[in-house]
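So the number in the working numbering is just where the residue sits in the sequence shown, counting from 1, plus 1369.
The C-beta atom is built at its ideal place from N, Cα and C for all residues, glycine as well.
Just so it is clear, the structure is predicted and the values come from calculations on it, not from any experiment.
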Amino acid sequence: MKKKVFLMMFLLGILLLSAHPADEISANYDHSEQLLEIEIMHNVRDAAKHFITEIKIAWNDEEIIVQKFQEQNTKEKLAICYKIYSIQPGDILEISARCNKFGTKKLEFTIPEKD
């Protein structure tokens, strides 16, 4: 019985090591273009099998974007841009990225002052 429990824990550990949420999310908002640029760092071996499967964006606590993916741009990251109108300096975006294998990473991003 102890061997079975140990084996199950070992296999679960291996699974968790290979599946992980995004490492980091970075964002930038270009006021002149009204463009939100997002980069989600998520290092994987095969971007078609292990990838960021969903991005959600909430603006001042209201969900405005949900997008699903079947793979990420590269083995290192998913990069994407969204046109968002009427956003103002000080507005808060909550950006979340979910891995298809395991975990979610979130970023609270405050829109910076206009240049």
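Grouping DSSP H, G and I as helix and E and B as strand, with all else coil, what is residue i?
i	result
Lys1373	helix
Gly1472	coil
Arg1414	coil
Tyr1454	coil
Asp1484	coil
Asn1397	strand
Ala1391	coil
Leu1385	Legend: pLDDT at Leu1385 = 48, less than 50; position of this residue unreliable, value from coordinates given subsequently. Looking at Leu1385 - three-state DSSP - the assignment turns out to be helix.
According to DSSP, which residues form a beta bridge with residue i?
i	result
Ile1434	Ile1426
Glu1477	Glu1463
Glu1406	Asn1397 and Cys1450
Counting C-beta neighbours from all protein chains within 10 Å, is the total for residue i 16 or more, i.e. buried, or is it exposed?
i	result
Leu1385	Its pLDDT being 48, under 50, Leu1385 is placed unreliably by the model, and the measurement read from it follows with that caveat. Exposed.
Lys1446	buried
Tyr1454	exposed
Leu1404	exposed
Glu1433	Per the sequence shown, the amino acid found at residue 1433 is Ile instead of Glu. Classification of Ile1433: exposed, given that the 10 Å Cβ count is below 16.
Val1435	exposed
Arg1467	buried
Nearest by alpha-carbon distance to residue i: which of the options is it?
i	options	result
Met1410	Lys1474, Leu1462 and Ile1480	Lys1474
Glu1429	Tyr1451, Tyr1398 and Glu1463	Residue 1429 is actually Asn in this sequence, not Glu. Ranking Tyr1451, Tyr1398 and Glu1463 by Cα distance to Asn1429 puts Glu1463 first.
Practice problem: Count the CB pairs spanning the segment 1454-1461 and the segment 1432-1441 that are closer than 8 angstroms, and state whether there are at least three. | Solution: At 8 angstroms Cβ cutoff, the stretches do not touch.
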